[in-house]
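One line per chain: the protein sequences are A and B, in this order. When we follow this note's numbering, the leftmost residue of the first sequence carries the number 373, and every step to the right adds one. When we follow this note's numbering, the leftmost residue of the second sequence carries the number 60, and every step to the right adds one. The beta carbon of each residue, even a glycine, is placed where N, CA and C say it ideally should be. Everything below concerns the one structure shown next.
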Amino acid sequence: MTEARERTVSAVVPVKDGERYLDELLHALAREGVDETLVIDSGSRDRSREIARSHRAELLEIDPREFGHGRTRNLGAQRTSGELICFLTQDATPCPGWLDAYREAFDLDERVGAAYGPHLPRPGTSPMIARELSEFFAGFAAGALPAAGQAGSGDGPVVQRQGNPTFLSNVNACYTRRCWEGVRFREIAYSEDQAFGADMLAAGWLKVYHPRAAVLHAHDYGAVEFMRRYFDEYRGLRATSGHVEPFGVRDTARHVRRQVAADRRWMAAHGFDTAQRARWTARAAGHHAGRRVFSALGSRSQLLPAPLQRGLSLEGRDDAPVAPESNGGASMASATEPPVGSGATGSSPVPPSRHIARKLSGEVYDVIAQVWRDGPAPLLDPVTGMCERERLRLAMVIPPFSRGSGGHNTLFQIFTRLEQRGHACSVWLADYYGYARAVWPATLRREIQEYFAPFQGPVYKGFADWQGADVAIATGWQTVHAMLQLDHCRVRAYIVNDHEPEFYPASTEHSLAADTYRYDLHCIAASPWLRDRLTERYGASAEAFQLGVDHDTYRPRPVARQPATVVYYARYATPRRAVPIGLMALAELKRRRPDVRVVLFGTSEVLDASFDYEHIDVLSPEQLSWLYSEATVGLCLSLTNFSLMPKEMLACGLPCVELAGISAESIFGSDGPLELAPLEPDRIADAMQRLLEDPEEWQRRSHAGVEYVASHTWEHATDEVEAGLRHALREREAAATTLT
Amino acid sequence: MAGVQTSDEQQLQAEVQRLRARVQQLESELLEVQQRANAAVAEWQERAYWLDRWHIDLNALMRRRGAEELRGAVRAVRAVVRAVRTAKRRLGRS
């Protein structure tokens, strides 16, 4: 995407005693055609300011105490106006073609927010540093994803995105103003460029490494200064990324041996004679050993006393929070930013802040933010007759699960049957919270088989291996946004097990769950009530399917009914189960009929109650069917969509009490086999008492229940879901036909 | 004139039909490939269950220092054991 007009370019060069290369640098900027150059001098005692003025560069002088790597560069960006902002250090001289390379980098994609180039060693640079620079930047050219139409190595630009290295260096980097405005440099003591690199990728920007955007650059430090600089660098790295450099004597010895050998190979390849090689070998050993030690010390600087930190730091700085002593009249901060610290106005009541190192590679809901920002990935063009094709490629995206998850059981009962019908089925786990972090894919697959159904297809964690699908199927609010980003899909559909916003109080999750119904996904809802809610409240395209019952398992067992026994699904951890109301109803029943035996099941948690009861843990389907077959009354409440459990109780001949006025009527009608009661403890107790004391009513409900759910099979549910998936394809085809 | 037009339309229709049939065939091939890929990955996951369950990445393990040497040593011992067994078998026969 090449822009017709060339973007204006500003260069910002922070300087302190930089006369050695400044003249050469400013000449190079003029040669490259930079529109505006800003030199920020923080107390030079050499000719730096004079050189800047002689080149007609804008000169901004700041108090050295005001200098901060991130802060000063933010200031430089604010003070300039170019659409592209280049940052260089005072000892980095652009090579010919530098600016053209940057322009090329930003023309690759409008999402490119930053670009950087290699640092080439100056003549006379020590072989250790020269080799390190060459090898370090060569790694970016070879390793990252190539830009469209570009080779992954050589001298072409390489696009880097989230997941690629976050490296960025303000020795030689260029930013779009829009990206800088959106991300800005953090005001941290060191490594502001690295932090920016991570922040911008996380925010969805791209960056580009361009091998031709090169500068000549080398620090001509002495051996001790090098070590002190490494101390600073690794201290900064710890602060920005949490990285702690490992250290061990044997490891260090091995590391030094390898590095010195590599240096020697490099020297041999670059024509060093034997005497030079011998001299540099000794220095290389000292350099690499010292580096290892000082890097490790820098990573652990918080363990060192402040005076020692200042002594080890090239910048003479310890880890104490840095606050300017004074705003200093015309200082940088007073001109552009709110004053930091107390200085002139006395002590602040605000306690000192504590730096918290970055722990996560991204925020939990980054995927959702990306969908909001970029929209869903485009769908493939429809193919005529695709909804009628006998076999389809189906990819189901699921949230993490655990044993006993009713929603997952429904999904896999159906998906396994779709697989048995010949569809090419795969399962993809979307795991925002890392719940399944420790579970590898083959284990996930086996757990699905053990907990739910004998699914035979592959199971993937994440979407790195995504292959496209005729229908991508979301199955819970946590899967929708991830699925919307998947490309190469003919259509997307959404199996909705419940109205999930109701699982949460007013919260982020409540809003995000509601958001999932607004993407024109064809919804296949697990009850007519839920279908109506989706269409009426969100205007979604939706149809319903009936939950099936496994009649091989859930059937009346040859066991005598226990007298006056109520079994209650008391899953307290699931608020929509209204357990406190259920317990109140049972307490009332026990008050009226002390002889009633109450059994709570479905949770390992033993609940405190105002009456005596029996507790059974989580049961297997087989055990449940026996429990339902010997009880007299079942109690199972749901404040949202109707669940499978009352149907399974009915299938075992057990009359069941559910809540009226929510979702049950949409399946059974108001006078069907279920005994319905409003959400009032006394009325629920009335319903249970009626079933306990009226044998005719009990018999009627029991027979009606068995009869009614006989036709509710998983095969039938699969028919309905399959029809829903085909409906989604048909709608897509029709929409495309209408457009053309 | 009308006859020419009709012939053109017929040709166009025939071409559309041919292309549709080709798309159908390619879609069908894609599904077959997907089925085979799914089966291959599923089979691999079946085989790798215990490795995944115990979080063992054999590639990473074999990249560790000494792993190749250990493997070489095991092979050497195995070769010796086999040689001895073969020799015993031959001696037993003779």
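What residue range does the beta strand (DSSP E) around S798 (chain A) cover? Residue range 796 to 801 is occupied by the beta strand (DSSP E) that includes S798 (chain A).
Would the beta-carbon of I412 (chain A) fall within 7 angstroms of that of T444 (chain A)? Yes; because the gap between Cβ atoms is below 7 angstroms, this pair is in contact.
Provide the residue(s) that pair with Q534 (chain A) in DSSP beta bridges, ordered along the chain. In DSSP, Q534 (chain A) forms a bridge with A:N536.
Would you report the Cα separation of D892 (chain A) and R122 (chain B), rounded to the nearest angstrom? Each residue's alpha carbon lies about 48 angstroms from the other.
L858 (chain A), DSSP secondary structure in three states: DSSP places L858 (chain A) outside both helix and strand once states are collapsed to three, so it counts as coil.
Closer than 7 angstroms by beta-carbon distance: list the chain B residues that pair up with W812 (chain A), in chain order. By Cβ distance, chain B contributes D111, H114.
Counting only Cβ pairs nearer than 7 angstroms, list the residues of chain A close to Q94 (chain B). The answer, in chain order, is A796.
Contacting residues, own chain, Cβ-Cβ under 6 angstroms from D753 (chain A) (five flanking each side not counted): Short of 6 angstroms from the beta carbon of D753 (chain A), and not among the five residues preceding or following it, lies no beta carbon of its own chain.
Can you pull out the residues from the region 661 to 674 of chain A whose beta carbon lies closer than 7 angstroms to at least one beta carbon of chain B? Within the region 661 to 674 of chain A, no residue qualifies.
Note down, in chain order, every chain B residue with its Cβ under 8 angstroms from the Cβ of Q839 (chain A). Listed along chain B, the residues sitting closer than 8 angstroms to Q839 (chain A) by beta-carbon distance are Q93, A96.
Just the C-alpha distance for D690 (chain A) and P679 (chain A), rounded to the nearest angstrom, thanks. Rounded to the nearest angstrom, the gap between the Cα atoms of D690 (chain A) and P679 (chain A) is 7 angstroms.
Tell me, please, which residues DSSP counts as bridged to D413 (chain A). Per DSSP, A:V387, A:E433.
For Q104 (chain B) and chain A, any beta-carbon pair shorter than 7 angstroms? Judged by the 7 angstroms Cβ criterion, Q104 (chain B) is in contact with chain A.
Only counting the same chain, and skipping five residues up and downstream in sequence, which positions put a Cβ closer than 8 angstroms to that of A640 (chain A)? Only R649 meet the Cβ criterion.
Interface partners of E86 (chain B) on chain A, CB under 8 angstroms: Within chain A, the residues V755, M758, R761 have their CB atoms less than 8 angstroms from the CB of E86 (chain B), given in chain order.
Would you please verify whether the beta carbon of A101 (chain B) is less than 7 angstroms from any beta carbon of chain A? Interface flag for A101 (chain B) against chain A is set, since a Cβ pair is found closer than 7 angstroms.
Environment of I1056 (chain A) [buried if 16+ CB atoms lie within 10 Å]: Buried is the call here.
Let me know the secondary structure DSSP gives G713 (chain A) once reduced to three states. For G713 (chain A), the predicted model reports a pLDDT of 37, less than 50, meaning its position is unreliable; a value from the coordinates is still stated below. Coil.
Identify the contact partners of R1113 (chain A) in chain B, using a Cβ-Cβ distance below 7 angstroms as the criterion. Limits of chain A in this structure are 373 at one end and 1112 at the other, which puts residue 1113 (chain A) out of reach.
For F619 (chain A), the first and last residue of its enclosing beta strand (DSSP E): Looking at the DSSP string, F619 (chain A) is not in any beta strand (DSSP E), and its letter there is neither H nor E.
Whole angstroms is fine: what's the gap from M1060 (chain A)'s alpha carbon to E874 (chain A)'s? Cα atoms of M1060 (chain A) and E874 (chain A): separation of roughly 27 angstroms, rounded to the nearest angstrom.
Can you look up R884 (chain A) in the DSSP assignment and give me helix, strand or coil? As written in the sequence, residue 884 (chain A) is Leu, which differs from the Arg given in the question. Assignment of L884 (chain A) by DSSP, reduced to helix, strand and coil, places it in the helix class.
Cβ-Cβ distance between R347 (chain A) and T1090 (chain A) below 7 angstroms: Only positions 373 to 1112 of chain A appear in the structure, and residue 347 (chain A) is not among them; the question remains open.
So what's R864 (chain A) in DSSP terms, helix, strand or just coil? Of the three classes helix, strand and coil, the one that applies to R864 (chain A) here is strand, per DSSP.
Chain B contacts made by the region 1057 to 1078 of chain A, where a contact means CB separation under 7 angstroms: Flagged: no residues at all.
Indicate the three-state DSSP secondary structure (helix, strand or coil) for L588 (chain A) in the structure shown. The three-state secondary structure of L588 (chain A), taken from DSSP, is strand.
Looking at the secondary structure, which residues open and close the beta strand (DSSP E) in which P466 (chain A) lies? From DSSP, the beta strand (DSSP E) with P466 (chain A) extends over 464 to 466.
Grouping DSSP H, G and I as helix and E and B as strand, with all else coil, what is H491 (chain A)? Residue state, collapsed to three classes: strand.
Can you tell me which of the three DSSP states K731 (chain A) falls into? In the structure shown, K731 (chain A) sits in coil (DSSP, three-state: anything other than H, G, I, E or B).
For G485 (chain A), name the three-state secondary structure that DSSP assigns. Strand, per DSSP.
My output table needs one value for S382 (chain A): the three-state DSSP class, helix, strand or coil. S382 (chain A) sits in a strand when the DSSP states are folded into three classes.
If you measure from the beta carbon of V82 (chain B) to each beta carbon in chain A, is any gap under 7 angstroms? Closer than 7 angstroms: yes.
Any chance you could list the beta strand (DSSP E) runs of at least 3 consecutive residues sitting entirely within the region 751 to 812 of chain A, in chain order? Within the region 751 to 812 of chain A, the beta strand (DSSP E) runs of at least 3 residues that lie entirely inside it are, in chain order, 765 to 770, 796 to 801.
If you compare alpha carbons, which of A:S976, A:L958, A:F1040 is closest to D984 (chain A)? Looking from the CA of D984 (chain A), the closest CA among A:S976, A:L958, A:F1040 belongs to A:L958.
Note down, in chain order, all residues in the region 135 to 153 of chain B with a beta-carbon under 8 angstroms from any beta-carbon belonging to chain A. With the criterion set as a beta carbon lying under 8 angstroms from some beta carbon of chain A, the region 135 to 153 of chain B has no members that meet it.
In or out: D870 (chain A) buried (at least 16 other Cβ within 10 Å) or exposed? With 16 or more Cβ atoms within 10 Å of its Cβ, D870 (chain A) is classed as buried.
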